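Novice:
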Amino acid sequence: MIRILGKIPNDVVVACSGGPDSMAIVDFLLKGRKNVTIAYFDHGTAHGSDAGRFIFDFCRERNIPLITGAMLAPKPSNKSQEEHWRDERYKWLNSILGCVITGHHLDDAVEWYLFTSLHGNARLIPYRRSSVIRPFLTTPKSEFINWCNRNNVKYLTDPGNHDEKFMRSIIRHTIVPQCLRVNPGLRKVIKKKIIVDYSQKWENKNDS
1 MIRILGKIPN
11 DVVVACSGGP
21 DSMAIVDFLL
31 KGRKNVTIAY
41 FDHGTAHGSD
51 AGRFIFDFCR
61 ERNIPLITGA
71 MLAPKPSNKS
81 QEEHWRDERY
91 KWLNSILGCV
101 ITGHHLDDAV
111 EWYLFTSLHG
121 NARLIPYRRS
131 SVIRPFLTTP
141 KSEFINWCNR
151 NNVKYLTDPG
161 NHDEKFMRSI
171 IRHTIVPQCL
181 RVNPGLRKVI
191 KKKIIVDYSQ
201 KWENKNDS
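In the working numbering, the protein residues as written are 1 to 208.
1) Could you tell me if T174 is buried or exposed, where buried requires 16 or more neighbouring beta carbons within 10 angstroms of its beta carbon?
2) Excluding the 5 residues preceding and the 5 following K191 in the sequence, name in chain order all residues of the same chain whose CB lies nearer than 7 Å to its CB.
3) At what residue ranges does the region 167-202 contain a whole run of the alpha helix (DSSP H), taking only runs of 4 or more?
4) Use the C-beta contact count for R53: other C-beta atoms within 10 angstroms, 16 or more gives buried, fewer gives exposed.
5) Mapping the DSSP letters down to three states, classify G98 as helix, strand or coil.
6) Given 8 Å as the limit, is there contact between the region 106-115 and the region 64-81, that is, 3 or more CB pairs closer than that?
7) Which of the three DSSP states, helix, strand or coil, is assigned to R123?
8) Tell me, please, which residues DSSP counts as bridged to D42.
9) Tell me the start and end of each unbroken alpha helix (DSSP H) in the region 1-61 that is at least 4 residues and wholly inside, in chain order.
10) Can you have a look at L97 and say buried or exposed, based on whether 16 or more other CB atoms are within 10 angstroms of its CB?
11) What residue from C148, H84 and W92 has the CA that sits closest to K31's CA?
12) Excluding five sequence neighbours on each side, which residues of the same chain lie with their C-beta closer than 8 Å to the C-beta of P140?
13) Which residues bound the alpha helix (DSSP H) around H84?
14) Name the two residues that bound the continuous alpha helix (DSSP H) containing L137.
15) Rounded to whole angstroms, what is the Cα-Cα separation between V153 and D27?
16) How many angstroms separate the CA atom of C16 from the CA atom of I145?
Structure follows, in structure tokens:
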């Protein structure tokens, strides 16, 4: 089941990569009678142009407004490629007027918690970052894949998700499975932390 934190406004912009998470969220919100605009940011990868065409065709077929952005700034020497992509993507997303939703889910939250723990500063993915909100942090990725399969929602798979030159791939495919052997309830632990964090920081604030 897809679960949400907080309230989602009637008019929303969804950051969409073409993957199962964001495509399921778009379909979920459309079925919930939300007015959806899709925002696509091209990181300049080999997969980026394919994803851009896929999203353009999807928006045209469904008559959904589309906003696009692209990586323009060169990577500074003191940043990893992943960090640079993230910073430029959020710089662009925060320039969009209105409420912007990303598809971050529970598995992302687990990976981020482990990654930051290994760097000595365990952190949760926050519910809000400026005008960007992440209302699906307590929903596991499997639920988005199930939604796509049940509702015939097409999606793409980024081959870069398996490239272990990126730290997120090492965390996802090597470290998380071993951590789940140690604690099979790890997702439940992080989910509880997310709910507590949200209730302490955000539930009494205006999410619109």
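The C-beta atom is built at its ideal place from N, Cα and C for all residues, glycine as well.
The structure displayed is predicted, hence computed values, not measured ones.
Specialist: Taking the definition as stated:
1) That one is exposed.
2) Cβ within range, chain order: L106 and T138.
3) For the alpha helix (DSSP H) assignment, the uninterrupted runs of no fewer than 4 residues enclosed by the region 167-202 are, from N- to C-terminal side, 167-170, 176-182 and 186-201.
4) Exposed is the call here.
5) Of the three classes helix, strand and coil, the one that applies to G98 here is coil, per DSSP.
6) Remark: fewer than three beta-carbon pairs, one from each stretch, lie closer than 8 Å, so the region 106-115 and the region 64-81 are not flagged as touching.
7) Of the three classes helix, strand and coil, the one that applies to R123 here is coil, per DSSP.
8) D42 is bridged to A70.
9) List check, alpha helix (DSSP H) in window: 20-31.
10) Under this definition L97 is an exposed residue.
11) For K31, the nearest C-alpha among the options comes from C148.
12) Beyond the five residues adjoining it in sequence on each side, P140 comes within less than 8 Å, by CB distance, of H105, L106, D107 and R187 in the same chain, given in chain order.
13) Unbroken alpha helix (DSSP H) run through H84: Q81 to L93.
14) Boundaries for L137: no alpha helix (DSSP H) harbours it, and the DSSP string shows neither H nor E there.
15) Between V153 and D27, the C-alpha separation is close to 8 Å.
16) Their Cα atoms are separated by approximately 15 Å.
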